[in-house]
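So for the sequence shown, our numbering puts the first residue at 185; every next one is plus one. Worksheet: one structure, shown below.
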Amino acid sequence: MEERRQSRPPAGSKPSPATMASQEDLRSRRPPVGLVYDDRMCRHSTPDGELHPECPDRIRSIWTKLKFEGIPQRCVVLNGKEAEDEHLASVHTKRHIKLIKGISNKEFDSRRDRVASKFNSIYLNKGSSEAAYLAAGSVVEVCKSVVEGQLRSGFAIVRPPGHHAEANEAMGFCLFNNIAVAANFLLDKHQLGIKKILIVDWDVHHGNGTQKMFYKDPRVLFFSVHRYDSGTFYPAGDDGAYFMIGEGPGAGYNINVPWEHGQCGDADYNAIWDHVLLPIAKAYNPDIILISAGFDAAIGDPLGGCCITPYGYSLLLMKLMDFAQGKIVMALEGGYNLTSLANSVFACVRTLLEEKTINGSLRGHPFKSTWRVIQQVRQRLKSFWPFLAAEIPQELLACTRKETQTQLIYNSTSDSNVEKEEQTPSQVCSANMVEGVGDVVQPFSNSSVDKDKHGEAKTTEHKTNDQDSFEGYPVPEASDSKKFSMAEYIRSIGLEDYFMEAVKRHVHGKINKKLIERGSNPIEWNDFLKHLKEEKRPPIEAISQESRMTQIANFIKSDKNVSDFFFKSVRQHVYQKINGKRKKKGNDPISWAKFNEIADDALSKNIADDAADN
Numbered sequence: 185m186e187e188r189r190q191s192r193p194p195a196g197s198k199p200s201p202a203t204m205a206s207q208e209d210l211r212s213r214r215p216p217v218g219l220v221y222d223d224r225m226c227r228h229s230t231p232d233g234e235l236h237p238e239c240p241d242r243i244r245s246i247w248t249k250l251k252f253e254g255i256p257q258r259c260v261v262l263n264g265k266e267a268e269d270e271h272l273a274s275v276h277t278k279r280h281i282k283l284i285k286g287i288s289n290k291e292f293d294s295r296r297d298r299v300a301s302k303f304n305s306i307y308l309n310k311g312s313s314e315a316a317y318l319a320a321g322s323v324v325e326v327c328k329s330v331v332e333g334q335l336r337s338g339f340a341i342v343r344p345p346g347h348h349a350e351a352n353e354a355m356g357f358c359l360f361n362n363i364a365v366a367a368n369f370l371l372d373k374h375q376l377g378i379k380k381i382l383i384v385d386w387d388v389h390h391g392n393g394t395q396k397m398f399y400k401d402p403r404v405l406f407f408s409v410h411r412y413d414s415g416t417f418y419p420a421g422d423d424g425a426y427f428m429i430g431e432g433p434g435a436g437y438n439i440n441v442p443w444e445h446g447q448c449g450d451a452d453y454n455a456i457w458d459h460v461l462l463p464i465a466k467a468y469n470p471d472i473i474l475i476s477a478g479f480d481a482a483i484g485d486p487l488g489g490c491c492i493t494p495y496g497y498s499l500l501l502m503k504l505m506d507f508a509q510g511k512i513v514m515a516l517e518g519g520y521n522l523t524s525l526a527n528s529v530f531a532c533v534r535t536l537l538e539e540k541t542i543n544g545s546l547r548g549h550p551f552k553s554t555w556r557v558i559q560q561v562r563q564r565l566k567s568f569w570p571f572l573a574a575e576i577p578q579e580l581l582a583c584t585r586k587e588t589q590t591q592l593i594y595n596s597t598s599d600s601n602v603e604k605e606e607q608t609p610s611q612v613c614s615a616n617m618v619e620g621v622g623d624v625v626q627p628f629s630n631s632s633v634d635k636d637k638h639g640e641a642k643t644t645e646h647k648t649n650d651q652d653s654f655e656g657y658p659v660p661e662a663s664d665s666k667k668f669s670m671a672e673y674i675r676s677i678g679l680e681d682y683f684m685e686a687v688k689r690h691v692h693g694k695i696n697k698k699l700i701e702r703g704s705n706p707i708e709w710n711d712f713l714k715h716l717k718e719e720k721r722p723p724i725e726a727i728s729q730e731s732r733m734t735q736i737a738n739f740i741k742s743d744k745n746v747s748d749f750f751f752k753s754v755r756q757h758v759y760q761k762i763n764g765k766r767k768k769k770g771n772d773p774i775s776w777a778k779f780n781e782i783a784d785d786a787l788s789k790n791i792a793d794d795a796a797d798n
C-alpha cells in the first residue's frame, strides 16, 4: 500500500481561519497553567527592617508585573498551602522541622537572632515559620495539581527559597528545601505514577541541599548549572564540581556544570542545554520536570554577575517543554534585581502559556571556557551516558568569544548584604596596594588604635567635617600611620583562617587542572586534605603566626587573580563593618555604589603615588 504523506502548505502561506480556530479550540481544552502567590510569605523579613537582598519585595515585584500584564486572568491562581510535617520529614530531620516551626513562638523572641547567627546567611523573624511552611507546601500543591492533570504546568512564586537547605541545616536564605520536599512527595505517592523526576537548577548558586538529598537516588536526575569559580563562589567547596556525579545507584544521576567565572549569558547556557542537558533528558525520559528557578544569573543581578536575558530564560524553558509531556513546575529560588527578576518570571510564565513568541535573539558565542566545561562534564559522564563520548564538531568549538580580564578575576560575591554594583570596582594591584592595604581602609575611617590596660585594641574616634567619611572603624596599629603590612591587616580583621582556606582551595584547583590536562582523574577535596595532613613537613597550624601571615601575604602577592580576589574581599568586609557601625549609631547604611566610589578614589590616588615613585 502506498504510504500516505501529509501535504505541507507552501512556504510563507498562512494557516486558514478554520485551522487557526481549531488550534485555538484545542488550546482552550488543555489544562491551564497554574500560579501560586500568597502575600503571607512577605511576613518573612529581616528583624528591625534591615536591608537584605532576599526581601519581601522580590515576590511582590513579580506579582505586580504579572498583574500589570494581565497574566493571572489567563491562569489558575492557587492559594498558598502550608506543608505537612510528614512531607517535610521525607527530606528534613525532626529536629530541623521542630526548630523552624518553633521560631514564631513568643518564647523564641529573645533568642531568635542568636539561633539565626548559628546558620550561614540566615535571618529569622516571627513570620519566618509560616512563610517557610507556605513555600514548601505551595510547591507540593502545584506539583500535585500538574501530575493529577488539573494543570498542565505551573509556577510557584514562593519565598524563602529552598535549594541550599540541607536535611538538618538552614543556609543561604533557605529554611526548607521546597523543591526536594515536592519531589519526594511525588515519589512517595505511588498512586500518582511518578517514577523519574528531572530537577533542573539554573540558580546562579549551586543547589547543594538538593544535591545531597538525592545523591544516591536514581529516581531523581539532578542537574545544576552555576558559578563555581574554582570552589570560591557561594556555597563554596567542591560539592558543585563537575566530578560530583552521584554515588552508588545514583552514580551518573547528579550533573554539575560549574562556570569558571561570571558574565556567562544566553549563548553559554544554550550551549550547555544543547550539548549536555537535552541529550541526557531525552535518554532519561522523566515523568515530570521540576525547575529550581533562581534568576540571580539574570543580567544586572547584584549577587550573580552573569547576564541571562528574559529571552534567554524563555528559550531554556521552551527547550525543556519538549519533555515529560510538558509537565513542568517552576519554583522560585534566587534573583535579587527586582526588575530583572520580574521580567524574567514574566517571560517564563508567558512561555508556559504558549501564547506568544518571546521577543529576542540568541546573539554571540559561548566563552572558550564554556566549551571547556562542557567537554569536562561530557568526559566525566560518558560511561553513564555513552552518547556523550561523541566529539563536538570543531567548527562549533571554534565559535567562541574571548574572556576578558574582568571575567577571569576571582569575583566571589556570595549571598551577602551587598547592593547592586553600578560599576565594576577597580581591580588594580599597584605596588603600594600590595605593600599595604591601609589605603583601602583609611578613607572609611577616622580612627586610630590604642592599647587599653589589658592590651586589647580600643577605638578612638575623631570628628570630621566630611559627611561621607566613616567613624569608628579600627585601623591596625603600624609604625607608619598611613600604611601597614598586608600580613598585619589579615590578622587584624580576623581573616587568617579564611585566607588559609583560600590557599588550600587554590592549590587544590591547580593540582586538578594539571591532572585533567594529563588525562588523569581529579583528586577530591577530602582526599586532598588527607594528603596535606600526611605530609612530613610541619603542618600549617604548627607554623608561627608571624610566619603564617607572611606566607599568606606572599601567596596573595604572587598571583594577580588571588590579589584581585583579596581586594574585593577586603571591600566587602569593610563595607559590612561600616554599615554595622552605622546601624549601631542609628545612621542609614551607605550604598554599595557610594562605597565603591570612595574606594575607587582611594585607589586612583594610590596609582598616582606609584607613578610619582617611579
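All residues carry an ideal CB built from backbone N, CA and C; glycine is no exception.
**Prompt:** On the three-state DSSP scale, how would you describe Cys-491?
**Reply:** strand
**Three-state secondary structure assigned by DSSP to His-236** = coil
**Message:** So, with DSSP's three-state summary, where would you put Trp-247?
**Reply:** helix
**Prompt:** Since Gly-434 contacts Lys-379 with CB under 8 Å, what's their CB separation in whole angstroms?
**Reply:** That pair is no contact at about 15 Å.
**Asked** What are the partner residues of Met-514, as DSSP defines its beta bridges?
**Response** Phe-339, Ile-475
**Message:** On the CB-based measure, 16 or more other CB atoms within 10 Å of its CB, does Gln-395 come out buried or exposed?
**Reply:** buried
**Prompt:** How many Å lie between Ala-425 and His-280 at the Cα?
**Reply:** 27 Å
**Message:** At a threshold of 7 Å, does Trp-569 count as lining the ligand PLP (C-beta to nearest heavy atom)?
**Reply:** Although the ligand PLP was asked about, the structure shown includes no ligands whatsoever.
**For Gly-157, the three-state DSSP class (helix, strand or coil)** = The first residue shown for the chain is 185 and the last is 798, placing residue 157 beyond what the model contains.
**Item:** For Glu-234 and Phe-417, the rounded distance between their alpha carbons
**Value:** 24 Å
**Asked** Is it right to say Ser-301 is buried, meaning 16 or more other beta carbons lie within 10 angstroms of its own, or is it exposed?
**Response** exposed
**Asked** Given a threshold of 16 other Cβ atoms within 10 Å of its Cβ, counted over all protein chains shown, does Pro-442 qualify as buried or as exposed?
**Response** buried
**Prompt:** From Glu-350, Ile-473, Asp-485, pick the residue whose C-alpha is nearest to that of Arg-336; which is it?
**Reply:** Ile-473
**Contact the stretch 360-367 vs the stretch 234-250: 3+ CB pairs below 8 Å** = no
**Request:** Going by CA-CA distance only, name the one from Gln-563, Phe-568, Gly-770, Leu-525 that's closest to Lys-249.
**Result:** Leu-525
**Asked** Which one or two residues does DSSP pair with Pro-442 in a beta bridge?
**Response** His-410
**Message:** Comparing C-alpha positions only, which one of Leu-461, Arg-585, Leu-499 sits nearest to Gly-544?
**Reply:** Leu-499
**Asked** For the candidate residues Tyr-759, Trp-569, Lys-278, whose alpha-carbon lies nearest to that of Glu-781?
**Response** Tyr-759
**Prompt:** Is the beta carbon of Gly-489 less than 8 Å from the beta carbon of Gly-519?
**Reply:** no
**Asked** According to the neighbour-count rule (16 or more other Cβ atoms, all chains shown, within 10 Å of its Cβ), is Asn-771 buried or exposed?
**Response** exposed
**Message:** Does Lys-778 come out as helix, strand or coil in the three-state DSSP assignment?
**Reply:** helix
**Request:** Please classify Ala-435: does DSSP put it in a helix, a strand, or coil?
**Result:** coil
**Prompt:** How would you call Asn-469, buried or exposed, if buried means at least 16 neighbouring beta carbons within 10 angstroms?
**Reply:** exposed
**Minimum C-alpha distance to Met-502 - residue among Val-529, His-271, Leu-536** = Leu-536
**Item:** Through-space distance from Pro-486 to Met-505, alpha-carbon basis
**Value:** 29 Å
**Close-in-space but distant-in-sequence residues of the same chain around Pro-256 (CB under 7 Å, 5 per side omitted)** = Leu-219, Leu-250
**Item:** Same chain, Cβ closer than 7 Å to Cys-583, five either side skipped, listed in chain order
**Value:** His-549
**Prompt:** Taking the alpha-carbon positions, what's the Ile-456 to Gly-286 distance?
**Reply:** 42 Å
**Prompt:** When the distance is taken between beta carbons, is Arg-224 closer than 8 Å to Leu-318?
**Reply:** yes
**Request:** Could you check which residue in Gly-449, Ala-354, His-459 has the C-alpha nearest to that of Lys-566?
**Result:** His-459
**Asked** So, is Lys-466 buried or exposed, given that buried needs 16 or more other C-beta atoms within 10 angstroms?
**Response** exposed
**Asked** Under the three-state reduction of DSSP, which class applies to Cys-358: helix, strand or coil?
**Response** strand
**Request:** Report the rounded CA-to-CA distance for Phe-712 versus Val-561, giving the unit in angstroms.
**Result:** 21 Å
**Message:** Between the alpha carbons of Lys-767 and Phe-406, how many angstroms are there, rounded?
**Reply:** 41 Å
**Request:** Tell whether a beta-carbon distance below 8 Å holds between Ala-367 and Arg-343.
**Result:** no
**Item:** Same chain, Cβ closer than 6 Å to Ala-340, five either side skipped, listed in chain order
**Value:** Val-220, Ser-322, Val-323, Val-326, Ala-515
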